[in-house]
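Going by this note's numbering, the first residue of the sequence shown is number 5, and it counts up by one from there. Note that the Cβ used here is the ideal one computed from N, Cα and C, for glycine as well. Given the structure is predicted, the values throughout are model-derived calculations rather than measurements. This report refers to the structure that appears directly beneath it.
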Amino acid sequence: MAEKEVYSKERNMSTKETFLTFLCNKNTGEFCGRTPGSWAKILLFYVIFYACLATFWAVMLLIFYTTISYNEPKWQQKESLIGTNPGLGFRPRAPASNVESTLIWFSSSKPKSYEEQVNDIQKFINDENRPLGTDNTNIADSACSVDEPQKDLDKYCLFDTNQMFVDMPADMNCKFKANESYYGYDRGTPCVIIKLNRIFGWTPENYKSQQIDEMKQKKGGEELFKNLRQGHVFITCEGENPADVENIKKVMVHPKEGISFKYFPFRNKPGYVSPFVFVQFEVKNGVLINVECKAWASNIKHDRMDREGSVHFELLVD
5 MAEKEVYSKE RNMSTKETFL TFLCNKNTGE FCGRTPGSWA KILLFYVIFY
55 ACLATFWAVM LLIFYTTISY NEPKWQQKES LIGTNPGLGF RPRAPASNVE
105 STLIWFSSSK PKSYEEQVND IQKFINDENR PLGTDNTNIA DSACSVDEPQ
155 KDLDKYCLFD TNQMFVDMPA DMNCKFKANE SYYGYDRGTP CVIIKLNRIF
205 GWTPENYKSQ QIDEMKQKKG GEELFKNLRQ GHVFITCEGE NPADVENIKK
255 VMVHPKEGIS FKYFPFRNKP GYVSPFVFVQ FEVKNGVLIN VECKAWASNI
305 KHDRMDREGS VHFELLVD
């Protein structure tokens, strides 16, 4: 009867008393519904459980890191998703607010309209394409006098952007100097940087002399490929369609022979700088022009649909 009365009183407790009893039940010695011994057991269980879980993942990560290198990708060339056919990139790019656009649009009489383009080219030259660190022991000075790929894979030739500006022809305005020159945009003759996308370990191959002769003998090839020579990845830029070809008055490439083989292969060495060329366009104003630039080497294949070995952008000069 006494036990029944105790339960009866507990059933008639207020909400506050029920909550306080849940926190600390003096009759049973429970705290939050469990005795101290029960809390100790469950705490010990979870400590052991999470310790084993953390140890398992630590061991798995350790095994994983032993299979990869910080200096080179695990899957290379044909085994990689990138493959062995390099694509091309260009600068200036569209602003971040319209990142999918490939249109270069400006008015030479309005400096504000080409400010972003000029800044993007400067950023690439000064920041994006600068080495994070330089290790002079990796620079192959003695082997950089010939246009051949590096045989010593621990060495590379340093691409000197400053020297590129020094050697630039007088009729090209692809330089920047405040209040004087803005990569040609202030004169309506925009300069565009064309570069090969990096593929670890990829090395360009020469065309045979007979192949070069055949390319030059094709219609328009004599003018298009007049500067093509062995030891260089040749770069061409032209209108994508017949109407675009008509609206491009002049195209100048510097260096005119393209990118020397001596800057390949890319091996992710400290201090390496990606080589590129400047392409300057003189076009008909007020007309949207589709431009296609291609890289030429014996082992570079072109596919317009997949943009292999080429890059597309539009020019509109007001």
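In terms of residue numbering, what span does the alpha helix (DSSP H) encompassing residue i cover?
i      : result
MET172 : MET172 -> no alpha helix (DSSP H), and no H or E assigned at all.
ASN123 : 119 to 127
Going by Cα to Cα distance, which pick from the options is closest to residue i?
i      : options                        : result
PHE285 : THR59, PHE270, LEU320          : LEU320
VAL295 : PHE270, ASP175, GLU261, ILE239 : ILE239
GLY205 : ASN75, THR70, PRO40, ASN231    : ASN75
PRO1   : PRO246, MET172, LEU162, SER42  : Look at the range of the chain in this structure, 5 to 322, and you will see that residue 1 is not part of it.
Within the same chain, show all residues whose beta-carbon is closer than 7 Å to that of residue i, passing over the 5 residues directly before and after it, in chain order.
i      : result
GLU133 : Note on residue identity: the sequence assigns Asn, not Glu, to residue 133. The residues are VAL277, SER278.
LEU209 : Checking the sequence, you will find Glu at residue 209 rather than Leu. Same-chain partners within the cutoff: ALA301, SER302, ASN303.
HIS306 : LYS298, GLU312, GLY313, SER314
SER185 : ASN177, LYS179
GLN121 : PRO96, ILE108, PHE110, TYR189
Which residues in the same chain have their Cβ closer than 6 Å to the Cβ of residue i, if we skip the five residues on either side of it in sequence?
i      : result
PHE128 : ARG95
LYS254 : GLU286
TYR118 : PHE110, TYR189
ASN201 : PRO90, GLY91, GLY93
MET309 : none
Along the chain, where does the beta strand (DSSP E) that runs through residue i open and close?
i      : result
LEU47  : Where LEU47 is concerned, there is no enclosing beta strand (DSSP E), although the alpha helix (DSSP H) it sits in stretches over 40 to 69.
ARG95  : 92 to 95
PHE163 : Note, PHE163: premise wrong, no beta strand (DSSP E); not H, not E.
ALA182 : Neither: ALA182 is in no beta strand (DSSP E) and is coded neither H nor E.
GLN81  : First-last for GLN81: undefined, no H or E at that position.
GLU104 : Run containing GLU104: none; DSSP gives neither H nor E here.
ASN303 : Run containing ASN303: none; DSSP gives neither H nor E here.
GLU318 : 314 to 321
Using a Cβ-Cβ cut-off of 8 Å (strictly less than) and excluding sequence neighbours within five positions of residue i, which residues of its own chain qualify?
i      : result
LYS8   : Residue confidence is low: LYS8 scores 48 on pLDDT, short of 50, so the model does not pin down where it sits. Its coordinate-derived value is still stated next. Counting only Cβ-Cβ distances below 8 Å, and skipping sequence neighbours, we find nothing.
MET5   : At MET5 the pLDDT is 45, less than 50, meaning the model places this residue with poor confidence; the figure from the coordinates comes in the next sentence. None.
ASN28  : Reading off the sequence shown, one finds Cys at residue 28, where the question assumed Asn. The residues are GLU34, PHE35.
ASP151 : GLN234, GLY235, HIS236, SER264, PHE265, LYS266
GLN215 : SER302
ILE72  : LYS78
THR32  : THR39
MET245 : The amino acid at residue 245 is misidentified as Met; the sequence shows Asn. Cβ within range, chain order: ASN294.
Measuring CB to CB, does residue i end up less than 8 Å from residue j?
i      : j      : result
GLU261 : ILE108 : no
ARG97  : ASP124 : yes
PHE280 : ILE203 : no
PHE282 : HIS258 : yes
ASN251 : GLY192 : no
GLN154 : PRO269 : yes
LEU85  : ARG271 : no
Between residue i and chain B, is any beta-carbon pair separated by less than 8 Å?
i      : result
TYR118 : Annotation note: the requested chain B is absent from the structure, which comprises a single protein chain.
* Asked: Which parts of the region 198 to 272 are runs of the beta strand (DSSP E), unbroken and 3 residues or longer, counting only runs that do not cross its ends?
  -> Taken in chain order, the complete beta strand (DSSP E) segments of 3 residues or longer contained in the region 198 to 272 are 236 to 243, 252 to 258.
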